[in-house]
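Enquirer: Can you keep this structure in mind? I'll have questions shortly.
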Amino acid sequence: MLRQDGSFFLTCMELLRNSASVKTRMISQVFILSSKGDHLIYKDFRGEAGSDVVSIFYEMVTALTGDQPPVVMSHKDLHFVHVRQGGLYWVATTTADSSPFTVVEFLNRLTALVKDYCGTLSEKSVQMNFALIYELLDEVVDYGYVQTTSSDVLKNFIQTEAVSSRPFSLFDLSNVGLFGAETQQNKVAPSSASARPIQSSREQGGKSEIFVDVIERMSVVIGSNGVLMKADVQGEIRVKCYMPSCSEMRIGLNEEFSIGKSQLRGYGAAVRVDECSFHQAVRLDEFDSHRILRLCPSQGEQTVMQYQLSDNLPSAPPFRLFPTIERDNGGRLLMYMKLRCDLPPKTAAINVCASVPVPKGSVSLSQELSSPDQSAELKPQSRAVVWEIPRFPGGTQLSALFKLDVPGLSSASMLEVGPVGLSFELPKITATGLQVRFLRLSPVQPGPSQRWVRYVTHSDSYTIRV
Amino acid sequence: MIKARLTLFRLSAATMPYLGSEDTVRELRRALCNPNVQSDQLRYRNAILKVIRAMSQGVDVSGLFSEMVKACATVDIVQKKLVYVFLCSYATLNPELSLLVINTLRKDCQDPNPMVRSLALRNMTNLRLPSLVEYVEQPLTAGLKDRAASVRRVAVLGWAKLHNLQTNSEIDAAVVNELYSLLRDPDPVVMVNCLRALEEILKEEGGVAINKPITHHLLNRLKECDIWGQCEVLRTLQRYRPQSEDELFDILSLLDASLVSPHPPVMAATLSLFLSLCPGVPAVSQAALERVRGPLLATCGSVSREMRFTALCHIQLLLRSLPGLMGAHYKRFFCGYAEPAYIKQRKMQVLVELVNDDNVAMLLDELRGYCTDVNTDTAQAAISALVSSCVILCGLGAGHIGRSYSDRCLEILIGLLGLKQEHITSAVVQTMRDLVWVCPQCSDTVCLAVEGCEETLQDGQGRQALLWLLGVYGERVSSAPYTLEVFIDGVRCEASLGVKMELLTASMRLFLCRPAEMQDMLGRLLHYCIEEETDICVRDQALLYYRLLHCGIEETRKVLQGRRSDPSLGVLIGRPAEPISQWACSFNTLEPLRQGAMETESASRGSPEHVTFDPKRNNDPSDTLNCGHDEEALHSGSDSAIVRTDSTADVLGSSLTVPLSLSVSPALSPEEFELLWLQPQVLHTEQGPEKMKADKDCVCVEEHVRCPEILHCSPQSLQAAMQLVNIQTLAFTPPHALPLRVYLYTHTQRARVAVTPHSTLILGELLYTGEGNQKVGQVDGGVVVVEGREDEQMKEGEQATADGLSGRDTGRTDREQDGVKVTLKQHPRDENALKGFLSILTTVLHTLSSESD
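Chains A and B, in that order, give the protein sequences.
Position one of the first sequence corresponds to residue 223 (this note's numbering), numbered consecutively onward.
Position one of the second sequence corresponds to residue -3 (this note's numbering), numbered consecutively onward.
Structure, rendered in structure tokens:
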């Protein structure tokens, strides 16, 4: 019971709380700041605190030392909760009793809405669309209480049109291949095709399109002996809808899809996840029998299903590293790295970036890379060698030799080498094997409409110990 | 068209920063008044846009109020909205002009378009002008009955705004009734807004009435609400107390689905509600915690870092009660290499708590990896995490496994010293000092490791730690005198006061065990400090040591060789589980997220020795002689626990409004304690405090505390618990011996408004006699030390005759069978402080005994 000296505090506070009258929890102000501290948006819902809090916040957030968590900060009776998205500070001031889950979720939701309406999240898009954002805030929050964040409801109220920093055009984005996916129409959608304002479909005669993205994030730890120590996958199915009239859509998942350990289905390799949760608008009456999700998508982006899988990946981890690290006679550090990509042939990882921590004081790097499109660089700031591979086909192996000059290299310094962190993108691949079998819209859409299904696996954190 | 507008935008953005705010306003006014602009809707709207942009950039555009009022009368909804944004920001500065708007607004309230109606109504109430209240009431009343839900939503909250504008006016019962009836509105947002509005309007009366019908109505409609509404409803229901157990379980089963909701806010709000609905049923709360494990872990892997952090902080809360909750899922708390430092540090804190036999090898490996993180804060946090897990392993202790892994921990730490990195070495040495304090069995390894560290150490804290180790374990570190010599030779250039003080003490201690090597350089050091040092504290301490040496070597030894370690502190880290009620009230508030900030702050400075060398305290040099209080703050970080004694749990029922704080400094050595305690003393002060010694300031109290099971808790945990509230235990009988006896002391401090801070010294004895389950509590009035002038004050102190125990037998029979007799002595007399202290003590004892159940 006695955990810290504050425990009596708590007991007493509890008593005080019970006797005290109602504590309301609401958002007092919302403001958006650029990373340089420029005021972009400021909205006061309650009129209880002055606008000077904006500068106070910025001073506090820039003065934080490394070990102070930034998310919640207090100034007198005022509490700042903020999230960082798109290089901006999204801040809400609130009371101590507020639920941090709610406030953080609200801010995240607000960023998502702004992204939906403005197309992208950046200082520029916020600046250009400030009138729209004020309008949004006005409808989303009244007197500090969140009214609605559903884009379906909001679309009836929002009148201002979004201003895109560059008008949307498929031709601009023809450098396809970031992650395009095959759909039934066997066409490829550019990855940024969905980065546009939702309203443009209504106003500018945009095509009616729907995107179903299966996005997975892997976090993996591989031990120095090559043993897989941890493998987690967090996945979600996101629907982004630009259809003016879509009453229902059905998403069919793999029939073998199973949740938890017990129920194995089908004969093939099961697609298994540990836990799974759905958006409340999803109807699951056909899920148990046929693995079909039914929903009425609202305009904009929504996460339809979230799932996670711990350990027991169905396939081998995508990358293996075979490092050899030694000191040569001249006091240089030699790192010979072999990186193997265990993806199925015909697929490839893109934007692979390996960051190898090196001893402090490393001065210069010379490198031998196995192909010209790769690059490597010593970043003294982050004390790492960053090895970038734009495209890495499955079933192949790349190697690199890094020679580092480290004055005063000692055997202990070798401890500072590693663990290697990899970041990458695996288009058209899901680590769990989850696939969308079909995507049906009803009623059948009049006119041309496009349905896109895209898969991508990102590295949340992929660590290989050396 | 779009292109044209874009150009306009760019122009304005480009030109504005170069204009002073006055020029800007003039420019804007010209544009707004230009009839050509006014006639072109698009140009007019753009001019208004520029005003709003200037406003949000912080330019004062309040001078344009009248122009903007004119712009309000338009059919263009976008323009209307923009103007309203402006008007609501500046209305309070221009109450008269605002009256002009009200007509437009009232007209809009009649508009056939519900969007216009709700817009007008919302902004009418957002103007925040008390003078407009009379114009607003009528449209608001109509708004409650509007056929469009969006208007009703606005109208309901409008009443709350109105109420807060004129808080002292009477509450209109009709409105309140109307709001209550709107709880049955078909629109869920209207329903939730009614809850919100009633909470605000009826704040004085304790908020909206939550009775059984309302509760069940709200629960039944929970599914219709979106997540924000659900959170609001769940939170309001926290005030409800079910009338029967059946009802309670009905409610709980209704809420089960929300408990595992994929939306973190709903999950958290539901758990909060569970905890407040059944505080008396720990099994239910525990089951609920296990149920939320999945969703909480999922939240820990959320894309949003802020959400991850929030979940981590709350997991830490949960772990306080159910340490085993996440044991199997420790891998979820491995740090991603790209995560920000604050998340990594939180994860490490959690990881340390999850150490158990099965995962220890993996965990140590993982933590080792973090120690060389690029971010120095993260690296240092990882090192202290390693040490904490090492301490836990030592605590698991006797077992072979614990032993071998604590060796592994040390191995890792020693490996890190080889890196010769300044910040790492400093962190390692500091944590090693803390480690040997808690786990003396590690001292051999540590002694070997610290040799040669001094070259890499730059910062004061690290060097202080090294000096402390050299002083205390000097006889085992062969190079210790040479290391000290380097420090002594450089003392002239030493900037840190703390290092100098530590150097003095370390040299003295080392001199005691290795006189031949030390004699010469100690002489030089003392000479320098006494003759040349400018800082009074250092000089005083040097003088003191000098005089001490004159008293003879034995005296010096007695003073300087205090305790080297305090294994009982290990208990603090392998803490026992707390009851859930302890943190339930802070769950799902900002508290847990801020707490961490305070903890890390204190952790970074709180190590045993710093307290001793706080210059402010060293005005009294005798202070530093008492090694007794070294341990005061190893992990507690703060010196005093402020206790509000108005807790109703207070046994004495005393109600104090002045906060009482306890502090163990200035420290009291066992000898001093004994002296004070044994001084002849007037017995039975209860009968007449006035019979006390001439200074009247002392008081002696006996009290019985009902405290079953006290016998079963180990002296270590008792000591640890007492230290948490800043009560120092000085001596106790061996475990399970009878009678059980504990001696303790503390200082109380009460901040009084007009008077100088008032402090008293309390000495106490706890006595538990007899197998026959008779415990007798005895309280002796205490001796007080005012403002650190211990010496004189203590002499005046009162004493309890230690053998007064015999007289206590009388009390035995009529007391509860399992009471502890507490004898307290206080000086000077301050009954309120004494009562406060007693209630703290009682709580501690109760806590301990409930734990050992």
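Beta carbons: idealized from backbone N, C-alpha and C, even for Gly.
1. Tell me whether B:GLU335 is buried or exposed, calling it buried when 16 or more other Cβ atoms sit within 10 Å of its Cβ.
2. Identify whether A:ARG662 lies in helix, strand or coil by the three-state DSSP scheme.
3. Identify each residue in the stretch 144 to 171 of chain B for which the Cβ-Cβ distance to at least one residue of chain A is less than 7 Å, and report them in chain order.
4. Would you check if there are 3 or more beta carbon pairs closer than 8 Å linking the stretch 610 to 617 of chain A to the stretch 544 to 556 of chain A?
5. So for A:GLN381, helix, strand or coil by DSSP?
6. Go ahead and label A:LEU286 buried or exposed: buried means 16 or more other beta carbons lie within 10 angstroms of its beta carbon, across all protein chains shown.
7. Any chance the CB of A:GLN672 is under 7 Å from a heavy atom of the ligand GDP?
8. Would DSSP call B:ALA727 helix, strand or coil?
9. Report the three-state DSSP secondary structure of A:VAL294 (helix, strand or coil).
10. On the premise that A:LEU656 lies in contact with A:LEU475, defined as a C-beta separation below 8 Å, what is that separation, rounded to the nearest angstrom?
11. Which of helix, strand or coil does DSSP assign to B:TYR401?
12. Measuring CA to CA, which of A:GLU477, A:LEU535 and A:SER577 is closest to A:MET451?
13. Here's the rule: buried if 16 or more other CB atoms are within 10 angstroms of the residue's CB, otherwise exposed. What is A:GLY552?
14. Could you give the residue range of the beta strand (DSSP E) that holds A:MET451?
15. Return yes when the Cβ of B:SER503 is within less than 8 Å of the Cβ of B:LEU493, no when it is not.
16. Considering only their Cβ atoms, is the gap separating A:ALA622 from A:SER577 smaller than 8 Å?
17. By Cβ distance, which residues of its chain are closer than 7 Å to B:VAL171, with the 5 residues on each side in sequence left out?
18. For A:GLU281, tell me which candidate among A:GLU270, A:LYS258 and A:LYS265 has the shortest Cα-Cα distance.
19. Going straight from the alpha carbon of B:LEU726 to that of B:ASP440, what length do you get?
20. Between B:CYS227 and chain A, is any beta-carbon pair separated by less than 8 Å?
21. Using beta carbons (cut-off 8 Å, strictly below), is A:ASN330 in contact with chain B?
22. Could you tell me whether the Cβ of B:SER300 comes closer than 8 Å to any Cβ of chain A?
23. Determine contact between the stretch 317 to 327 of chain B and the stretch 340 to 354 of chain A, defined as no fewer than three beta-carbon pairs at a distance below 8 Å.
24. Does the Cβ-Cβ distance between A:GLN619 and A:ARG676 come in under 8 Å?
25. Under 8 Å between beta-carbons, which chain A residues line up against B:THR530? List them in chain order, please.
26. What are the partner residues of A:TYR558, as DSSP defines its beta bridges?
27. Which same chain residues end up closer than 6 Å to A:SER683 when comparing Cβ atoms and leaving out the 5 residues on each side of it in sequence?
28. If I'm right that A:VAL326 touches A:PHE253 with Cβ under 8 Å, what's the distance once you round it to whole angstroms?
29. Does the Cβ of B:LEU308 have 16 or more other Cβ atoms within 10 Å, making it buried, or fewer, making it exposed?
30. Leaving out five residues on either side along the sequence, give the residues of the same chain with a beta carbon under 6 Å from the beta carbon of B:VAL495.
31. Is A:THR525 helix, strand or coil by DSSP?
32. Report yes or no: do the stretch 299 to 313 of chain B and the stretch 333 to 352 of chain B share at least 3 C-beta pairs separated by less than 8 Å?
33. Please list, in chain order, the chain B residues whose beta carbon lies closer than 8 Å to that of A:TYR382.
34. If you measure between the beta carbons of B:VAL425 and B:VAL432, is that distance less than 8 Å?
35. Can you grab the Cα-Cα spacing for the pair A:GLY341 / B:GLU451, in whole Å?
36. For B:THR756, write down the residues that DSSP places opposite it in a beta bridge.
Expert: Let me lay it out:
1. buried
2. strand
3. Close to chain A, meaning a Cβ-Cβ distance shorter than 7 Å, are the following residues of the stretch 144 to 171 of chain B: ARG149, VAL150, LEU153, ALA156 and LYS157.
4. no
5. coil
6. exposed
7. Absence of the ligand GDP from the depicted structure is noted, as is the absence of any ligand whatsoever, leaving it without description.
8. strand
9. In the structure shown, A:VAL294 falls within a strand segment according to DSSP collapsed to helix, strand and coil.
10. With 8 Å as the limit, A:LEU475 and A:LEU656 qualify as a contact, their Cβ atoms being about 6 Å apart.
11. Residue state for B:TYR401 is assigned as helix, using DSSP reduced to three classes.
12. A:LEU535
13. exposed
14. 450 to 463
15. No, the Cβ-Cβ distance between B:LEU493 and B:SER503 is not below 8 Å.
16. no
17. TRP155
18. Selected option, being the one with the closest Cα: A:LYS258.
19. Rounded to the nearest angstrom, the two C-alpha atoms are 27 Å apart.
20. yes
21. yes
22. yes
23. Not touching, per the Cβ criterion.
24. Judged by beta-carbon spacing, A:ARG676 lies beyond the 8 Å limit of A:GLN619, meaning their Cβ atoms are not closer than that value.
25. Here the premise fails: no neighbours, minimum Cβ distance about 31 Å.
26. Under DSSP, the beta-bridge partners assigned to A:TYR558 are A:THR546 and A:LEU623.
27. Cβ neighbours of A:SER683 beyond the five flanking positions: SER441.
28. With 8 Å as the limit, A:VAL326 and A:PHE253 do not qualify as a contact, their Cβ atoms being about 16 Å apart.
29. buried
30. GLY456, ARG459 and GLN460
31. Three-state result, A:THR525: strand.
32. yes
33. In the sequence under discussion, the amino acid at residue 382 of chain A is Thr, which differs from the Tyr named in the question. Those are VAL74 and LYS77, listed as they occur along chain B.
34. Taking 8 Å as the cut-off, the beta carbon of B:VAL425 is found no closer than this to the beta carbon of B:VAL432.
35. 56 Å
36. B:THR744
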